[in-house]
Amino acid sequence: MALYPVIMCGGAGTRLWPASRPSRPKQFIPLAGNRSLFQETAARVAPLAGDDGKLIVVGGVRHRDWIVDQLAELEIEAQVLLEPEARDSAAAMAAAAAWAARHDPNAIIAFVASDHHIPDHEAFREAVTAAAGAAAEGRIVTLGVMPSEASQAYGYIKPSGRGLSAVDSFVEKPDRTQAQAYIDAGYLWNSGNFIVSAAALIDEMTAHAPAVLDAVRSALPDEASGTVQTLGSAFAASPKISIDYAVMEKTVRASVLEVDFAWSDLGAWDSIAASGEGGTGQHIFEDAEGCLVRAPDGILVAALGVRNLAIVVEEDAVLVCDLSQSQGVKKVVDRIKATSPRHLDFAPAPQEDLAGGAVRFADWMRLRALPVWSTLGQGADGGFAEVLSLDGRTLTLPRRARVQARQIFVYANAGLNGWQGPWRGIVERGLERLYADYLRPDGLCRTTLTPEGAPLDETAYLYDQAFVLFALSAAKSAGIDDPALETRAVALRDSLLAHAPETGGLIEAGDQPYQSNAHMHLLEACLGWEAAGGDAGWMALADRVVDLALTKFIDPDGGFLREFFGPDWAPAAGEDGRLVEPGHQFEWAWLLARVGRARGRADVTEAARRLYAAGRKGVSDRPMIAVDALNDDGTVRSRRARLWPQTEWLKASLILAESAIDGERQQLLEDAATALRALWLYLTPDGLWRDKRLPQGGFIDEPAPASSLYHIAAAFGQLAETGRAEGLKGMSDISFG
Numbered sequence: 004m005a006l007y008p009v010i011m012c013g014g015a016g017t018r019l020w021p022a023s024r025p026s027r028p029k030q031f032i033p034l035a036g037n038r039s040l041f042q043e044t045a046a047r048v049a050p051l052a053g054d055d056g057k058l059i060v061v062g063g064v065r066h067r068d069w070i071v072d073q074l075a076e077l078e079i080e081a082q083v084l085l086e087p088e089a090r091d092s093a094a095a096m097a098a099a100a101a102w103a104a105r106h107d108p109n110a111i112i113a114f115v116a117s118d119h120h121i122p123d124h125e126a127f128r129e130a131v132t133a134a135a136g137a138a139a140e141g142r143i144v145t146l147g148v149m150p151s152e153a154s155q156a157y158g159y160i161k162p163s164g165r166g167l168s169a170v171d172s173f174v175e176k177p178d179r180t181q182a183q184a185y186i187d188a189g190y191l192w193n194s195g196n197f198i199v200s201a202a203a204l205i206d207e208m209t210a211h212a213p214a215v216l217d218a219v220r221s222a223l224p225d226e227a228s229g230t231v232q233t234l235g236s237a238f239a240a241s242p243k244i245s246i247d248y249a250v251m252e253k254t255v256r257a258s259v260l261e262v263d264f265a266w267s268d269l270g271a272w273d274s275i276a277a278s279g280e281g282g283t284g285q286h287i288f289e290d291a292e293g294c295l296v297r298a299p300d301g302i303l304v305a306a307l308g309v310r311n312l313a314i315v316v317e318e319d320a321v322l323v324c325d326l327s328q329s330q331g332v333k334k335v336v337d338r339i340k341a342t343s344p345r346h347l348d349f350a351p352a353p354q355e356d357l358a359g360g361a362v363r364f365a366d367w368m369r370l371r372a373l374p375v376w377s378t379l380g381q382g383a384d385g386g387f388a389e390v391l392s393l394d395g396r397t398l399t400l401p402r403r404a405r406v407q408a409r410q411i412f413v414y415a416n417a418g419l420n421g422w423q424g425p426w427r428g429i430v431e432r433g434l435e436r437l438y439a440d441y442l443r444p445d446g447l448c449r450t451t452l453t454p455e456g457a458p459l460d461e462t463a464y465l466y467d468q469a470f471v472l473f474a475l476s477a478a479k480s481a482g483i484d485d486p487a488l489e490t491r492a493v494a495l496r497d498s499l500l501a502h503a504p505e506t507g508g509l510i511e512a513g514d515q516p517y518q519s520n521a522h523m524h525l526l527e528a529c530l531g532w533e534a535a536g537g538d539a540g541w542m543a544l545a546d547r548v549v550d551l552a553l554t555k556f557i558d559p560d561g562g563f564l565r566e567f568f569g570p571d572w573a574p575a576a577g578e579d580g581r582l583v584e585p586g587h588q589f590e591w592a593w594l595l596a597r598v599g600r601a602r603g604r605a606d607v608t609e610a611a612r613r614l615y616a617a618g619r620k621g622v623s624d625r626p627m628i629a630v631d632a633l634n635d636d637g638t639v640r641s642r643r644a645r646l647w648p649q650t651e652w653l654k655a656s657l658i659l660a661e662s663a664i665d666g667e668r669q670q671l672l673e674d675a676a677t678a679l680r681a682l683w684l685y686l687t688p689d690g691l692w693r694d695k696r697l698p699q700g701g702f703i704d705e706p707a708p709a710s711s712l713y714h715i716a717a718a719f720g721q722l723a724e725t726g727r728a729e730g731l732k733g734m735s736d737i738s739f740g
């Protein structure tokens with residue numbers, strides 16, 4: 004018997020204004036300790052899932068970040084189902100039941116509220132486990148709490164007996180006199196927790212609320228859409244009705260399990276004060292007793308000669324009320340709706356749109372990055388530095404050919420995009436150094452020089468040759484007057500082909516001779532030479548690489564691209580063959596989209612779209628950034644997130660948006676804005692960057708690698724191109740000029 008705990012995350016909690024607002028309901032606020040009520044609930048119920056079940060969270064789309072962030076803080080994994088709009092508890096519970104039943108027809112579900120305070124976690128889990136046995140037999144079991152006082156804040160249950168028994172009746176919240184009469188008659192508080200099999204709940208919905216179930220089933224996302232799923236638009240067709248009215252008042256399966264542990268729904272400031280853990284912030288009391296104070300950092304609350312008050316301070320509002328009147332805060336909120344509606348919720352933090360980010364990006368490139376890397380990052384001899392420390396110092400390291408070639412591309416690209424700095428001289432000096440120090444007598448490129456410029460590693464990696472070809476094409480397109488550009492490129496290309504198999508892939512040097520990555524950059528170089536007016540050999544080689552990608556690199560079923568292969572170009576054995584890099588899915592998608600458009604090949608364009616979808620699975624939920632690596636089954640291999648995949652996500656979303664229409668186009672442009680915001684997490688105001696973001700946040704403390712500027716510059720180039728091609732508002736004239 005597998006248990007599926009379901010945390011119900013709806014509700015706005017208006018009785019806890021001003022701390023609780025629609026954009027930050029009470030379950031996400033620490034009200035009884037250092038963790039939020041939602042986090043306490045997740046910690047309490049997650050162990051119930053064991054090895055066979057799964058924690059499920061149902062909440063609203065606007066609370067997505069709260070849910071994802073707070074689960075991540077606890078390192079608790081869950082399936083999150085997001086409601087596009089609130090349709091009350093029946094629809095939310097039906098969605099969870101339908102999801103669980105699809106994965107496990109025998110699933111037992113424990114529906115729990117996200118905002119209840121239950122200090123004794125073990126006692127709660129024991130009660131749920133006991134109730135699960137009855138649920139497996141078809142009962143719908145609710146937990147009835149032994150009352151500790153005649154509370155008017157809760158509904159009551161009349162049980163037919165002690166322990167686990169049938170429910171005689173449910174009653175609404177009473178006045179104090181009636182509440183005491185209920186307690187005297189053995190009634191229990193209705194905790195609002197339900198334990199039921201998915202099959203039984205679906206049966207009851209079919210009988211008593213079929214419209215709810217039909218809408219939810221139509222809205223359920225497909226199984227492969229990730230751990231955070233938004234229910235489809237059909238969800239809005241569900242009747243807005245609570246589970247009490249939809250099922251519990253009509254079913255003959257209702258049972259109640261009597262429990263006797265501390266429980267509160269912390270529904271008002273008096274119950275929070277009673278918990279003894281609800282106060283926060285700095286305060287001074289002088290002849291003040293029984294008061295609850297909550298204040299943000301930096302605000303001091305002083306109270307003199309008062310008793311039994313709640314003093315709740317937020318950035319835009321203050322509540323002072325007698326604790327005995329806490330249940331009446333909702334009346335205050337109703338008046339605020341009429342007199343000052345802006346205080347009903349917190350003002351949303353502004354989010355930079357694509358056009359705003361593009362303008363800022365252009366300024367950063369023109370005023371910061373390009374000047375820094377052409378002065379501090381290039382020596383007098385034309386050689387480019389490998390890294391710059393974050394305080395702008397050049398460090399002494401071996402110099403790789405790929406960095407020299409990439410930086411030549413960067414400044415040639417800057418010239419094409421209107422940069423008025425001395426790009427031509429930078430490119431010409433860079434080419435001189437490339438010719439003199441990196442190219443071997445046979446025309447191929449050695450991989451590494453010593454810091455002083457002497458040959459260090461003579462290996463001619465295909466990866467490095469591709470970047471030399473790419474640099475030469477960029478210089479040609481930018482108008483560098485050097486006849487050797489094309490001559491050297493053709494000779495290098497022909498040398499590569501002379502040493503390659505007649506058909507299929509080219510062989511890389513080193514430990515991984517059969518790989519897709521080097522071919523990706525070779526394709527980029529070929530497309531660069533096509534744009535620069537090169538001979539027909541470039542198109543032929545590009546098409547050869549594209550066909551290899553379609554037939555060997557890209558998994559025919561999953562649509563994702565692998566990294567490493569065997570001699571027959573089948574996936575490599577072991578973990579190497581399972582590696583899927585989201586950044587490379589995006590980078591290949593960008594290249595194939597260009598090829599599909601240029602050749603009029605729908606099959607290539609469709610492959611690009613599938614690769615984009617595969618890469619999108621590698622975007623983390625919060626913050627939304629592309630992580631380093633997945634496995635071929637879609638599971639995350641590495642949650643670290645480098646800078647360069649963010650640029651490739653940006654490029655791919657932009658170019659695919661150019662050929663998309665309607666909702667798909669809008670979604671891709673929204674993705675582009677998100678990718679650009681992700682990139683800004685890495686960039687510093689000084690024209691430098693951090694490279695590796697850790698899963699828990701923060702960055703590895705290391706210098707900025709020069710190699711990243713190639714990715715950044717290419718992303719800017721695509722941003723400018725799409726802005727012009729699509730006539731995007733505020734982006735039609737983005738350039739370095």
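Numbering-wise (the numbering used here), the sequence shown opens with residue 4 and increments by one. Think of the CB as a built atom: it goes at the ideal place given N, C-alpha and C, for glycine as much as any other residue.
N- and C-terminal bounds of the alpha helix (DSSP H) containing residue i
i	result
residue 532	520-534
residue 6	Run containing residue 6: none in the alpha helix (DSSP H); it sits in the beta strand (DSSP E), 6-11.
residue 430	426-436
residue 648	647-662
residue 91	91-106
residue 609	605-619
8 Å Cβ cutoff met for residue i and residue j
i	j	result
residue 190	residue 143	no
residue 466	residue 511	yes
residue 451	residue 491	no
residue 476	residue 429	no
residue 625	residue 71	yes
residue 519	residue 553	no
residue 201	residue 112	yes
residue 221	residue 94	no
residue 58	residue 75	no
residue 137	residue 262	no
Of the residues the options, the one placed nearest residue i, counting alpha carbons only
i	options	result
residue 322	668, 642, 20, 432	20
residue 600	661, 540, 643	661
residue 368	703, 25, 690	690
residue 195	655, 489, 220, 268	268
residue 373	716, 26, 27, 722	716
residue 677	317, 648, 469, 530	648
residue 13	186, 250, 6, 25	25
7 Å CB neighbourhood of residue i in its chain, flanking five on each side removed
i	result
residue 581	634, 635
residue 172	161
residue 399	454
Chain-order list of residues whose beta-carbon lies under 6 Å from that of residue i (same chain, five-residue window excluded)
i	result
residue 733	358
residue 360	679
residue 575	567, 568, 569
residue 671	656, 659, 660, 663
residue 239	88
residue 145	197, 259
Element boundaries [beta strand (DSSP E), containing residue i]
i	result
residue 172	167-174
residue 159	159-162
residue 458	458-460
With 16 other Cβ atoms within 10 Å as the buried cut-off, status of residue i
i	result
residue 10	buried
residue 147	buried
residue 101	buried
residue 486	exposed
residue 391	buried
residue 151	exposed
residue 502	exposed
residue 243	exposed
residue 118	buried
Neighbourhood of residue i by C-beta distance below 8 Å, restricted to the same chain and skipping five residues each side
i	result
residue 140	none
residue 533	541, 542, 545, 601
residue 306	286, 287, 288, 289, 291, 294, 296, 312, 314
residue 729	660, 661
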